[in-house]
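Here's the structure, in structure tokens; my notes come after.
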Amino acid sequence: MKKISNKKKLIKQFLLMDCGALVFGIVFFLITNMIGEKTTILGAAIATIIFWVFDFVLRGFLGKFKEC
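In this note's numbering, the protein residues as written are 94 to 161.
Put into structure tokens, the structure is as follows:
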């Protein structure tokens with residue numbers, strides 16, 4: 094079985110976190126526009142950045158970003 098290096102694991106974690114933030118931004122934009130709030134793409138991008146920062150801080154405190 095192929096062993097993945099620690100650096101690649103860390104990069105994979107960041108890419109998964111980025112994909113999650115991107116999905117959050119798209120869903121946030123669609124749902125807020127469906128319920129009648131006029132949300133711009135810039136507003137959704139700002140919400141996505143805030144979500145990414147909170148996610149990064151939370152994962153840092155939970156110890157998800159470790160180098161073994």
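Cβ coordinates follow ideal geometry from the N, Cα and C atoms, glycine included.
Proximity below 8 Å, CB of residue i to CB of residue j
| i | j | result |
| --- | --- | --- |
| Phe154 | Phe117 | no |
| Ala137 | Phe149 | no |
| Thr133 | Thr125 | no |
DSSP three-state assignment for residue i, whether helix, strand or coil
| i | result |
| --- | --- |
| Thr125 | helix |
| Gly118 | helix |
| Thr132 | coil |
| Lys96 | coil |
Other residues of its chain near residue i: CB distance less than 8 Å, five sequence neighbours each side excluded
| i | result |
| --- | --- |
| Asp77 | The requested residue 77 is not part of the displayed model; the chain covers only 94 to 161. |
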